[in-house]
């Protein structure tokens, strides 16, 4: 067990989560229930001196720069969609039409019907769609969850592996859409965020920490319920991201237990991502007869 996995108060014990307030790593004995997630004993007791010291530990170990960068890219993409004809209530516009996820579709250009989509060679839609959103509520909800989950997972896995986990979940979500509903124009980071939820669930479960007690289990169930209970939500995107994130979290944990180097484990995540993207292109070309 390396230092990045151990509890800040008990170096001989494996940490399962980080304190929601100061970011310190905490083991099950140090976990104090909070309104969201857990706090360390110092923050739970309201000790400003100890909390300040914990914040210094967090800064020394690195701020969640990748999480911030991903949120920034989503915000910029949303602003760009507004400039290009989108709206706060539903986004859309030319940006969504050009970069949203679509296996196959037709649109009118200069009075002529034109074929568009991944099946027509527009492969970038598999990734670009995850940075677009259908309105202000859509992006705010996704970015809130990304911030809450991303900063913890980035601290647990490191920057490069966290980015791999995020992009891998994103790719798995795109594959889910291409398998289930390739002719629906789809946008949103939800597939990637579902992957982060699943990754946190698996991370805690494999360390003997109850994901139901921490709240992540309930969060997953609630979002799955809304996925099937509300119209207009991409079931394939959400389920694909959920399964992809769970698999990647399990694979990373297994490789850590076998002391596989971080560089090699990052390559495994990259290979999974490429496989999902290639499979998505194949599924998009079957738009007339979806797999599911």
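Residue numbers (this note's numbering): 108 to 399.
Backbone N, C-alpha and C define an ideal beta-carbon position, used for all residues, glycine too.
Span of the beta strand (DSSP E) around residue i
i, result
"residue 216", "212-216"
Residue nearest to residue i in terms of C-alpha spacing, selected from the options
i, options, result
"residue 200", "228, 239, 339 and 117", "239"
"residue 205", "175, 174, 237 and 180", "237"
"residue 230", "398, 395, 385 and 394", "385"
"residue 181", "241, 357 and 316", "241"
"residue 249", "354, 318, 297 and 316", "297"
"residue 372", "380, 383 and 358", "358"
"residue 293", "269, 235 and 378", "235"
"residue 266", "331, 187 and 370", "370"
"residue 396", "354, 329 and 286", "286"
"residue 322", "139, 120, 221 and 112", "139"
"residue 355", "152, 377 and 332", "377"
"residue 315", "112, 117, 118 and 135", "135"
"residue 307", "336, 333 and 360", "360"
"residue 246", "197, 122 and 233", "197"
"residue 130", "141, 147, 117 and 137", "147"
"residue 170", "276, 341 and 269", "269"
"residue 382", "333, 185 and 277", "277"
Whether residue i touches residue j by CB criterion (9 Å)
i, j, result
"residue 326", "residue 304", "yes"
"residue 274", "residue 380", "yes"
"residue 132", "residue 115", "yes"
"residue 289", "residue 187", "no"
"residue 311", "residue 124", "yes"
"residue 208", "residue 339", "no"
"residue 212", "residue 202", "no"
"residue 352", "residue 272", "yes"
"residue 218", "residue 391", "no"
"residue 413", "residue 388", "Because residue 413 is not part of the residues shown, which for the chain are 108 to 399, the question remains open."
"residue 341", "residue 302", "no"
Bridge-paired residues (DSSP) for residue i
i, result
"residue 220", "215"
"residue 277", "In DSSP, residue 277 forms no bridge with anything."
"residue 293", "208"
"residue 121", "113"
"residue 236", "In the DSSP output, where bridge partners are listed per residue, residue 236 has none listed."
"residue 132", "125"
"residue 140", "145"
Range covered by the alpha helix (DSSP H) that runs through residue i
i, result
"residue 390", "369-391"
"residue 357", "342-364"
"residue 175", "172-190"
"residue 148", "148-152"
"residue 245", "243-264"
"residue 398", "It is not in any alpha helix (DSSP H) - residue 398 carries neither H nor E in the DSSP assignment."
"residue 331", "323-336"
Test: residue i CB closer than 9 Å to a CB of chain D
i, result
"residue 183", "No chain D is present in this structure, which holds just one protein chain."
Meets three-Cβ-pair contact criterion under 8 Å: the region 280-294 and the region 341-355: yes
The region 245-256 touching the region 209-226, judged by at least three CB pairs closer than 8 Å: no
Touching by the beta-carbon criterion (3+ pairs, under 8 Å), the region 257-270 and the region 172-189: yes
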